[in-house]
Amino acid sequence: MSSIDLTLQIWRQKNNDSLGHLETYFLQGIHTDMSFLEMLDVLNEKLTKEGKDPVTFDHDCREGICGMCGAVVNGVAHGPEKEITLCQLHMRNFRSGDTLVIEPFRSKAFPIRKDLMVDRSALDRIIQSGGYVSVNTGGTPDGNSLPIPSSVAELAMDAAACIGCGACVASCPNGAAMLFTSAKISQLCLLPQGQPERKRRALAMVETMDKEGFGNCTNFRECEAVCPKSISIRNIARLNREFLVASLLEG
Amino acid sequence: MELNSRVPSGSLADKWDNHQFANKLVNPANRRKFTVIVVGTGLAGASASATLAEQGYNVKTFCIQDSPRRAHSIAAQGGINAAKNYQNDGDSVHRLFYDTIKGGDFRAREANVYRLAQVSNSIIDQCVAQGVPFAREYGGTLSNRSFGGAQVSRTFYARGQTGQQLLLGAYSALSRQIHAGKVTMFSRREMMDLVLVDGKARGITTRNLITGELESHCADAVILATGGYGNVYFLSTNAMASNVTAAWRACKHGAGMANPCFVQIHPTCIPVHGDYQSKLTLMSESLRNDGRVWVPLKEDDKRPPSQIPESERDYYLEKKYPSFGNLVPRDVASRNAKEQCDAGKGVGNTGLAVYLDFAEAIKRDGQATILKKYGNLFQMYEKITDKNPLNEPMTIYPAVHYTMGGLWVDYDLMTTIPGLFALGECNFSDHGANRLGASALMQGLADGYFVIATSIAHYIGSTPMERISEIAPEFDESRKNVADRIHRLLRNSMRGPSGKVTVDQIHKELGRLLWDNCGMARNKAGLEAALAQLPDLKEKFWNEVYVPGTGTDINQSLERAGRVADFLEFADVMVRDALAREESCGCHLREESQTPENEAKRDDAHYSHVSVWQYQGDNQAPVMHKEPLIFENVTPSQRSYK
Amino acid sequence: MWFIRFVTSSIGKKLIMGTTGLLLFLFLCTHAAGNATIYMSSEVFQSYADELHSHPLIVMVFSLVIFVLFVVHAGLGIFLFLENRRDPGCRYAVNTRVVSNSLASRTMPYSGLFILLFVLVHVFGFTFGPEHVPISETVKVMLSGFFYGLFYIISFIILAIHLSHGFWSMLQTFGLNHPRYNVLIARLTYILPAFFLLLFGGIPLYFMSGAGASF
Numbered sequence: 009m010s011s012i013d014l015t016l017q018i019w020r021q022k023n024n025d026s027l028g029h030l031e032t033y034f035l036q037g038i039h040t041d042m043s044f045l046e047m048l049d050v051l052n053e054k055l056t057k058e059g060k061d062p063v064t065f066d067h068d069c070r071e072g073i074c075g076m077c078g079a080v081v082n083g084v085a086h087g088p089e090k091e092i093t094l095c096q097l098h099m100r101n102f103r104s105g106d107t108l109v110i111e112p113f114r115s116k117a118f119p120i121r122k123d124l125m126v127d128r129s130a131l132d133r134i135i136q137s138g139g140y141v142s143v144n145t146g147g148t149p150d151g152n153s154l155p156i157p158s159s160v161a162e163l164a165m166d167a168a169a170c171i172g173c174g175a176c177v178a179s180c181p182n183g184a185a186m187l188f189t190s191a192k193i194s195q196l197c198l199l200p201q202g203q204p205e206r207k208r209r210a211l212a213m214v215e216t217m218d219k220e221g222f223g224n225c226t227n228f229r230e231c232e233a234v235c236p237k238s239i240s241i242r243n244i245a246r247l248n249r250e251f252l253v254a255s256l257l258e259g
Numbered sequence: 040m041e042l043n044s045r046v047p048s049g050s051l052a053d054k055w056d057n058h059q060f061a062n063k064l065v066n067p068a069n070r071r072k073f074t075v076i077v078v079g080t081g082l083a084g085a086s087a088s089a090t091l092a093e094q095g096y097n098v099k100t101f102c103i104q105d106s107p108r109r110a111h112s113i114a115a116q117g118g119i120n121a122a123k124n125y126q127n128d129g130d131s132v133h134r135l136f137y138d139t140i141k142g143g144d145f146r147a148r149e150a151n152v153y154r155l156a157q158v159s160n161s162i163i164d165q166c167v168a169q170g171v172p173f174a175r176e177y178g179g180t181l182s183n184r185s186f187g188g189a190q191v192s193r194t195f196y197a198r199g200q201t202g203q204q205l206l207l208g209a210y211s212a213l214s215r216q217i218h219a220g221k222v223t224m225f226s227r228r229e230m231m232d233l234v235l236v237d238g239k240a241r242g243i244t245t246r247n248l249i250t251g252e253l254e255s256h257c258a259d260a261v262i263l264a265t266g267g268y269g270n271v272y273f274l275s276t277n278a279m280a281s282n283v284t285a286a287w288r289a290c291k292h293g294a295g296m297a298n299p300c301f302v303q304i305h306p307t308c309i310p311v312h313g314d315y316q317s318k319l320t321l322m323s324e325s326l327r328n329d330g331r332v333w334v335p336l337k338e339d340d341k342r343p344p345s346q347i348p349e350s351e352r353d354y355y356l357e358k359k360y361p362s363f364g365n366l367v368p369r370d371v372a373s374r375n376a377k378e379q380c381d382a383g384k385g386v387g388n389t390g391l392a393v394y395l396d397f398a399e400a401i402k403r404d405g406q407a408t409i410l411k412k413y414g415n416l417f418q419m420y421e422k423i424t425d426k427n428p429l430n431e432p433m434t435i436y437p438a439v440h441y442t443m444g445g446l447w448v449d450y451d452l453m454t455t456i457p458g459l460f461a462l463g464e465c466n467f468s469d470h471g472a473n474r475l476g477a478s479a480l481m482q483g484l485a486d487g488y489f490v491i492a493t494s495i496a497h498y499i500g501s502t503p504m505e506r507i508s509e510i511a512p513e514f515d516e517s518r519k520n521v522a523d524r525i526h527r528l529l530r531n532s533m534r535g536p537s538g539k540v541t542v543d544q545i546h547k548e549l550g551r552l553l554w555d556n557c558g559m560a561r562n563k564a565g566l567e568a569a570l571a572q573l574p575d576l577k578e579k580f581w582n583e584v585y586v587p588g589t590g591t592d593i594n595q596s597l598e599r600a601g602r603v604a605d606f607l608e609f610a611d612v613m614v615r616d617a618l619a620r621e622e623s624c625g626c627h628l629r630e631e632s633q634t635p636e637n638e639a640k641r642d643d644a645h646y647s648h649v650s651v652w653q654y655q656g657d658n659q660a661p662v663m664h665k666e667p668l669i670f671e672n673v674t675p676s677q678r679s680y681k
Numbered sequence: 404m405w406f407i408r409f410v411t412s413s414i415g416k417k418l419i420m421g422t423t424g425l426l427l428f429l430f431l432c433t434h435a436a437g438n439a440t441i442y443m444s445s446e447v448f449q450s451y452a453d454e455l456h457s458h459p460l461i462v463m464v465f466s467l468v469i470f471v472l473f474v475v476h477a478g479l480g481i482f483l484f485l486e487n488r489r490d491p492g493c494r495y496a497v498n499t500r501v502v503s504n505s506l507a508s509r510t511m512p513y514s515g516l517f518i519l520l521f522v523l524v525h526v527f528g529f530t531f532g533p534e535h536v537p538i539s540e541t542v543k544v545m546l547s548g549f550f551y552g553l554f555y556i557i558s559f560i561i562l563a564i565h566l567s568h569g570f571w572s573m574l575q576t577f578g579l580n581h582p583r584y585n586v587l588i589a590r591l592t593y594i595l596p597a598f599f600l601l602l603f604g605g606i607p608l609y610f611m612s613g614a615g616a617s618f
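Protein chains in written order, with this note's numbering: chain A, 9 to 259; chain B, 40 to 681; chain C, 404 to 618.
Written out as structure tokens, the structure reads:
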């Protein structure tokens with residue numbers, strides 16, 4: 009185990025209405041086995057003991073599945089390592105003397121709450137507008153009554169793995185939420201259970217997505233590159249198809 | 040405290056039907072006149088909110104995270120059990136019931152466990168209908184695997200993310216009801232207090248974590264689905280925000296806390312590697328199917344594993360349990376790892392780890408086969424430890440994972456406070472002294488989708504209730520109490536941090552104390568020592584802790600301080616419970632009560648009961664009540680894995 | 404109305420960009436086929452031009468359609484560019500692009516605007532060029548000029564860059580993304596622009612280098 013010294017530049021902002029700025033901190037003796045968030049914990053303990061305001065950041069499960077954590081490290085959402093969330097990023101990815109610029113996930117649709125904490129409820133509202141199968145509890149047919157080819161279930165699972173962290177939005181130069189929206193639409197349009205509402209869902213979710221202030225997709229592919237769950241833009245292609253067909257035939 | 044379990048009459052198989060028939064109903068058109076509060080949006084909370092809203096009740100749902108989709112149910116990896124018997128290997132409702140009650144070492148209520156097994160099949164149907172992408176066979180039918188030492192394949196799974204997929208299913212049902220206006224969702228809210236009016240649970244006080252505002256919410260019934268208290272140990276596999284606050288506030292208002300000492304410690308976690316560590320990561324139990332557990336034969340052997348010859352390795356599980364080998368139940372595997380490390384044979388930097396070796400499996404099945412089975416786990420392990428399990432053995436150590444204890448509930452899942460219900464990990468009901476793998480997801484969803492609705496209907500239908508609103512004096516008083524407490528937590532914040540300790544420092548101290556004395560193996564002396572130290576720690580917390588910032592803003596230090604304050608009080612009950620239960624059962628091992636082979640020895644004559652603790656006041660010892668456990672359909676037997 | 408809702412939605416706008424892009428691409432194909440006759444001889448080229456202009460109605464309808472396509476493609480492109488810029492591109496203190504080959508995608512609006520400029524120059528130079536002079540002669544005279552020829556070559560390089568993102572992007576927008584064909588698409592998205600670059604870029608080069616002196 010070795011340790012490194014780092015210069016941190018962290019975005020500090022009191023709330024969405026105030027102006028923010030990058031503040032510089034120096035940290036010495038950071039163990040390379042630490043996770044990125046543990047490094048921030050160390051910083052916060054230090055700030056607390058100095059009587060300063062600790063850095064506010066969202067985090068919960070710290071094992072890469074809840075989707076709560078996330079920040080942009082040196083311009084890359086969730087940091088330099090691929091296919092992981094910020095909580096799974098370990099300090100061995102950095103060298104002593106490195107400067108890390110840590111900024112919140114930015115998008116017009118994600119107001120900043122404080123420091124690195126943002127409000128991603130716009131993503132919830134996209135799901136609320138149609139990201140479900142409208143089935144009440146009880147009275148559902150037997151689980152095996154509709155056979156689903158293994159390959160289809162796997163494809164649906166690929167899309168369903170989305171953790172809703174918002175890194176796709178944060179990394180998109182246009183701030184688009186297409187990867188997020190397409191993941192849910194793909195999951196449900198692939199499965200037989202999602203068929204009855206297929207067209208309505210595509211129209212409603214895209215409408216909400218647009219209304220919430222997310223940008224247009226211009227196929228930059230940055231979302232796919234930073235997605236901690238490797239959600240493919242193949243899902244976006246599928247969403248485009250779904251939306252076209254639904255627009256032509258429904259409503 | 041009256042402990043009426045309200046177990047319905049009739050044969051075991053008929054009890055649930057009889058109960059549903061006997062329970063009062065609420066006319067569908069009348070349901071919109073009633074409001075139910077649900078705290079928590081994990082499997083139990085989200086499914087209960089959605090189900091009650093679908094039936095017509097107005098639901099107010101609260102969660103601590105920014106979105107209901109992030110509750111810690113999402114981190115469950117393995118799967119969900121159901122008695123479908125799709126594999127035709129002899130499974131049945133009765134077998135699932137028996138396995139669960141036996142796995143819990145006969146410390147759970149028969150009727151509740153049987154109902155759990157009965158509704159398990161409907162859960163799978165429900166989730167499939169929601170579009171949960173369970174693993175499938177090539178023919179399109181649902182795939183199953185055997186899990187956690189079960190003799191049948193009854194576990195349904197969606198890769199290693201079953202919890203995530205089930206939670207997203209429940210979340211989608213909840214989202215639909217939010218869209219329909221039947222559920223009002225309050226995210227980033229922490230429940231700070233329960234509000235009782237005329238002795239009935241009628242609302243809660245919450246703190247808006249963004250604005251710091253204290254808010255009152257009134258309802259006709261309150262459901263707690265706030266998960267377990269594993270974070271009392273500081274290090275656990277729980278999410279950082281998991282806490283006991285909501286449940287403990289309910290206890291302070293008269294809800295009984297049942298079996299708080301029953302804590303499951305999972306054997307295959309990545310070991311602690313430094314004092315900065317904030318949480319532990321679970322590796323799926325399935326690793327033990329192919330991995331061999333060993334330690335060096337000699338004490339203090341610091342050689343790297345590759346330099347320790349076969350003859351100097353101790354495969355202690357295989358040696359001790361020839362028939363089960365590395366696949367012994369969780370508690371047995373955990374305890375044996377601790378035993379080896381206590382004997383000085385632990386490996387790694389800290390000496391608190393054992394090896395889990397895949398070399399033989401790789402030689403036998405080939406690297407490709409092993410990677411296909413465990414590739415994602417190996418990758419996860421390598422990401423965290425920077426070591427590749429293909430080249431050297433994994434190191435593992437047990438970690439706190441799940442709490443079987445929780446709020447005492449009757450057959451209707453109602454606590455000892457009328458109108459207050461507890462669901463999922465938050466209650467104590469189904470897992471006894473030890474939970475089987477893939478049963479937590481089953482219980483959370485059973486409670487939320489299929490049990491709570493009739494309980495709520497019966498409670499509302501049979502209880503005369505006054506119309507009240509948030510302006511009732513009880514809400515005022517509750518808000519005042521919460522504000523006072525926040526004020527006390529912040530009283531050092533003006534004076535600066537000089538010489539003060541941080542919240543995490545106290546939390547780590549508490550965790551260490553409990554892990555050492557109320558962890559995998561417990562004894563009278565240790566428990567009494569811990570009990571004696573707790574008041575000092577509590578005093579240190581209230582006198583010396585420094586919480587920066589104010590209460591009128593986002594203040595994560597303040598949030599943590601409030602939770603740790605409750606953990607400190609809760610730890611007292613937990614240790615007392617462990618002290619009072621002078622037998623070993625399931626995960627609770629009292630060193631005084633062991634078989635000659637160092638196995639857990641139950642004492643059914645004296646301890647076949649649920650211990651329910653009643654809060655008596657801040658500086659008074661809680662009082663224990665007993666709910667006797669009566670087994671009419673199974674005969675408690677001694678577990679043996681030899 | 405569904406159509407209004409469609410064209411005002413984010414995906415709808417993309418689909419219109421893709422469709423007009425596709426049609427312009429097809430136009431480019433026919434144009435390329437026609438221009439390829441230059442490489443044969445001035446007579447063949449001249450007879451192709453004469454044949455084309457003996458059907459004035461077709462030419463007029465065709466030109467009008469292409470004009471509309473251009474207006475829609477460029478207009479909507481500029482609109483999207485401005486709309487996306489409201490979310491400032493440089494919102495981070497450190498800007499890092501993870502996708503390595505993003506030059507083409509990043510410069511789409513700029514390459515597009517340059518192509519628009521080129522089209523204007525091209526149309527005024529040739530379509531509304533000197534009357535009563537055979538088109539083959541105009542081509543030779545104009546493209547032999549160094550700066551004019553250079554401008555053409557630069558334009559064709561920029562067109563190739565624009566297409567290298569545009570072709571793949573268009574298929575992705577139409578929903579054509581399948582592991583089985585992705586390799587092919589990924590190759591075509593470079594091969595096709597390169598082909599156009601060779602074919603079109605060769606013409607000014609042909610004249611500038613003096614190889615077409617006897618044209």
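Just so you know, even glycine gets a beta-carbon here, dropped at the ideal spot from N, CA and C.
These numbers were taken from a predicted model, which means no experiment stands behind them.
Query: Determine the closest residue to residue 557(C) out of 576(C), 535(C), 583(C), 600(C), with distance taken between C-alpha atoms.; Result: 600(C)
Query: Kindly indicate which three-state DSSP category residue 27(A) falls into: helix, strand or coil?; Result: coil
Query: Strictly by DSSP, which residues pair up with residue 260(B)?; Result: 75(B)
Query: By how many angstroms is the C-alpha of residue 505(C) removed from the C-alpha of residue 243(B)?; Result: 53 Å
Query: Using a Cβ-Cβ cut-off of less than 7 Å, give me the residues of the segment 76-97 of chain A that come near chain B, in sequence order.; Result: 76, 92, 96
Query: Output the distance between the C-alpha atoms of residue 37(A) and residue 103(A), rounded to the nearest integer angstrom.; Result: 12 Å
Query: Could you tell me which whole alpha helix (DSSP H) segments of length 4 or greater appear in the segment 475-500 of chain B?; Result: 479-484
Query: Quick check: residue 232(B) and residue 517(B), are their CB atoms within less than 8 Å of each other?; Result: yes
Query: Could you pull the start and end residues of the alpha helix (DSSP H) that residue 449(C) belongs to?; Result: 445-456
Query: Measure how close the beta-carbons of residue 583(B) and residue 539(B) come, nearest whole angstrom, since I'm counting them as under 8 Å.; Result: 5 Å
Query: Output, in chain order, the set of chain B residues within a Cβ distance shorter than 8 Å of residue 45(A).; Result: 317
Query: Leaving out five residues before and five after residue 229(A) in sequence, what residues of the same chain have Cβ atoms less than 7 Å from its Cβ?; Result: 241
Query: Report the three-state DSSP secondary structure of residue 124(A) (helix, strand or coil).; Result: coil
Query: Going along chain A in order, which residues have a C-beta closer than 7 Å to the C-beta of residue 180(B)?; Result: 152, 155
Query: Between the C-alpha atoms of residue 184(B) and residue 195(B), what's the straight-line distance to the nearest angstrom?; Result: 7 Å
Query: Is the number of C-beta pairs between the segment 340-360 of chain B and the segment 305-318 of chain B that are closer than 8 Å three or more?; Result: no
Query: Ignore the nearest five residues each way along the sequence and tell me which others in residue 72(A)'s own chain have a CB closer than 7 Å to its CB.; Result: 92, 93, 95, 96, 236
Query: Specify, as a first and last residue, the run of the beta strand (DSSP E) that residue 435(B) falls within.; Result: 433-442
Query: Under 9 Å between beta-carbons, which chain F residues line up against residue 255(A)? List them in chain order, please.; Result: Any reference to chain F falls outside this structure, whose protein chains are A, B and C.
Query: Contact defined as beta carbons within less than 8 Å: I believe residue 560(B) pairs with residue 630(B). What is the distance between those atoms, to the nearest angstrom?; Result: 6 Å
Query: List in chain order: all unbroken beta strand (DSSP E) runs of 3+ residues lying wholly within the segment 392-475 of chain B.; Result: 393-396, 433-442, 459-461
Query: Less than 8 Å between CB atoms is the rule here; does residue 242(A) satisfy it with respect to chain B?; Result: no
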